[in-house]
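Colleague: Residue numbers (the UniProt record's numbering): 1 to 391.
In this text, a Cβ means the ideal position worked out from N, Cα and C, and glycines have one as well.
Structure below; questions to follow.
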């Protein structure tokens with residue numbers, strides 16, 4: 001049927017004709033109340049979670065996430081006005097411009113670590129330490145996290161006025177005094193730049209040549225048989241086997257390394273043919289030290305019974321003790337002489353301060369201080385009771 005949908009008994013209403021000059025009506029999409037309420041609930045839940053964490057002790061990190069809009073705008077306005085205010089105070093504008101070194105490298109909430117902070121730490125390390133830290137990114141990340149936690153804790157303490165507590169102020173004053181004392185004393189006792197002279201270096205080298213000598217070093221290989229002292233049967237079996245191994249190791253064209261690989265029960269050295277590396281006598285355990293010291297290069301020892309087992313030792317190579325030349329230890333010797341001279345000058349400077357004036361010590365007040373420290377509940381500042389007037 002014309003004018004009707006198939007299967008429909010209702011007539012479609014005709015659209016109303018617009019009058020001349022009338023604008024077409026625009027359809028307005030009804031707001032999705034469910035969607036807005038869902039977003040609002042999600043945002044409020046997140047804020048409540050952050051506030052709960054902040055109440056647990058991380059407020060310095062998370063308070064800014066759910067603060068009032070007015071507070072955020074106020075902080076933004078303060079940051080924007082800071083450069084202008086500093087310039088008005090006469091601070092050079094160049095100092096207000098952020099440099100690449102000021103760019104944050106790691107952040108935790110409102111605290112951050114800049115590239116300049118990392119550079120300061122790295123400058124205090126040796127080249128080997130910097131190289132090792134650069135290769136070990138896990139340790140570097142761990143340090144960054146620890147430093148961020150420290151900064152967050154310091155900021156939190158600052159917000160609570162912790163540094164204003166009397167005991168903290170006293171501790172800070174003592175620390176400040178120690179830093180001033182140390183640095184000032186170093187400045188007044190620093191040796192001249194040309195100390196020590198060449199002659200003084202040579203004299204110190206001659207006097208300490210024995211200390212500057214590299215001790216003898218021995219390269220040894222071993223065959224180890226486990227046989228604790230407390231196990232008599234194990235000691236007997238190991239002793240019989242050790243005697244046979246010594247006989248075979250001392251034979252002409254004997255291969256000590258092959259014997260060590262086959263029979264030694266020390267897996268670490270057995271895999272290397274018994275090679276234990278090069279070491280000084282002081283690095284050896286006492287039971288082996290006396291034996292090795294008397295052995296010649298290429299010699300195989302008798303079985304050496306120690307608490308843990310039996311050792312058979314071969315001295316592969318011996319490097320005799322050598323005196324290091326002055327050129328090799330010059331920097332080390334110069335630093336030691338300068339440190340010694342500075343310590344002597346510092347002691348003399350302090351003694352001069354004491355001897356240059358009159359020292360007076362009130363023994364009574366010293367005893368009163370001990371008494372007050374022994375009874376902290378009694379206030380030393382409390383005035384004594386007023387005497388009763390006698391009529």
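#1: DSSP beta-bridge partners for residue 196?
#2: How about residue 343 and residue 197: do their beta carbons lie closer than 9 Å?
#3: Any idea if residue 285 is buried or exposed, counting beta-carbon neighbours within 10 angstroms, 16 or more meaning buried?
#4: Any C-beta of chain D sitting closer than 9 Å to the C-beta of residue 214?
#5: My parser needs the beta strand (DSSP E) runs of 3 or more residues fully inside the segment 301–331; what are they?
#6: Let me make sure I understand the geometry here. Which of 291, 367, 275 has the alpha-carbon closest to that of residue 282?
#7: How should residue 55 be labelled, buried or exposed, when 16 other C-beta atoms within 10 angstroms of its C-beta is the threshold for buried?
#8: Residues bridged to residue 112 by DSSP?
#9: Who are residue 220's beta bridge partners in DSSP?
#10: Looking at C-alpha atoms only, which residue of 202, 274, 154 is the closest neighbour of residue 324?
#11: Restricting to Cα atoms, I'd like to know which of 245, 146, 250, 252 is closest to residue 261.
#12: I'd like to know if the segment 137–147 and the segment 302–315 are in contact, where contact means that at least 3 CB-CB pairs between them fall below 8 Å.
#13: With a threshold of 16 other CB atoms inside 10 Å of the CB of residue 303, please say whether the residue is buried or exposed.
#14: According to DSSP, is residue 366 helix, strand or coil?
#15: Between the Cα of residue 293 and those of 315, 130, 277, spot the shortest distance and give me the residue it belongs to.
#16: Given residue 321, which residues of its chain have a CB within under 7 Å of its CB, disregarding the five upstream and five downstream residues?
#17: In the structure shown, what three-state DSSP assignment does residue 177 receive?
#18: For residue 254, which residues in the same chain have their Cβ closer than 7 Å to its Cβ, ignoring the five residues on either side in sequence?
#19: Report yes if the CB atom of residue 312 is closer than 9 Å to the CB atom of residue 185, and no otherwise.
#20: By the three-class DSSP mapping on this structure, what secondary structure does residue 252 have?
#21: Kindly give me the distance between the Cβ atoms of residue 221 and residue 257, rounded to whole angstroms, as I take these residues to be in contact under 8 Å.
#22: In the DSSP assignment, the beta strand (DSSP E) including residue 275 goes from what residue to what residue?
#23: Work out the CA separation of residue 277 and residue 237 for me, nearest whole Å.
#24: Go ahead and pull the three-state DSSP assignment for residue 359.
#25: So what's residue 101 in DSSP terms, helix, strand or just coil?
#26: Between the C-alpha atoms of residue 233 and residue 239, what's the straight-line distance to the nearest angstrom?
#27: Can you tell me whether residue 264 is buried or exposed, with buried defined as 16 or more other CB within 10 angstroms of its CB?
#28: Taking the C-alpha atoms as reference points, what is the distance between residue 394 and residue 273?
#29: I think residue 121 touches residue 114, with their Cβ atoms under 8 Å apart; what is that distance to the nearest whole Å?
#30: Helix, strand or coil, according to DSSP, for residue 296 in the structure here?
#31: Could you name the residues of the same chain whose beta carbon sits closer than 6 Å to that of residue 335, not counting the 5 residues immediately before and after it, in chain order?
#32: Alpha carbon to alpha carbon, how far is residue 333 from residue 205?
#33: Considering only C-alpha positions, which residue in the set 231, 107, 223, 361 is nearest to residue 243?
Modeller: So, from the listed chains and residues:
#1: The partner list for residue 196 (beta bridge, DSSP) is empty, contrary to what the question assumes.
#2: For residue 343 and residue 197, no; Cβs fall outside 9 Å.
#3: exposed
#4: Although the question refers to chain D, the structure presented lacks it and comprises just one protein chain.
#5: 304–306, 309–319
#6: 291
#7: Because residue 55 sits at a pLDDT of 37, beneath the cut-off of 50, its placement in the model cannot be relied upon, and the point is left open.
#8: 107
#9: 315
#10: 202
#11: 245
#12: Because the criterion of three Cβ pairs below 8 Å is not met, the segment 137–147 and the segment 302–315 do not touch.
#13: Under this definition residue 303 is a buried residue.
#14: helix
#15: 315
#16: 213, 214, 215, 216
#17: Three-state result, residue 177: helix.
#18: Cβ neighbours of residue 254 beyond the five flanking positions: 248.
#19: no
#20: coil
#21: 7 Å
#22: 275–280
#23: 28 Å
#24: coil
#25: helix
#26: 10 Å
#27: buried
#28: The question about residue 394 has no answer here: the residues shown for the chain are numbered 1 through 391.
#29: Contact doesn't hold; Cβ gap of about 11 Å is too wide.
#30: If DSSP states are grouped into helix, strand and coil, residue 296 belongs with coil.
#31: none
#32: 8 Å
#33: The residue among 231, 107, 223, 361 with its C-alpha nearest the C-alpha of residue 243 is 223.
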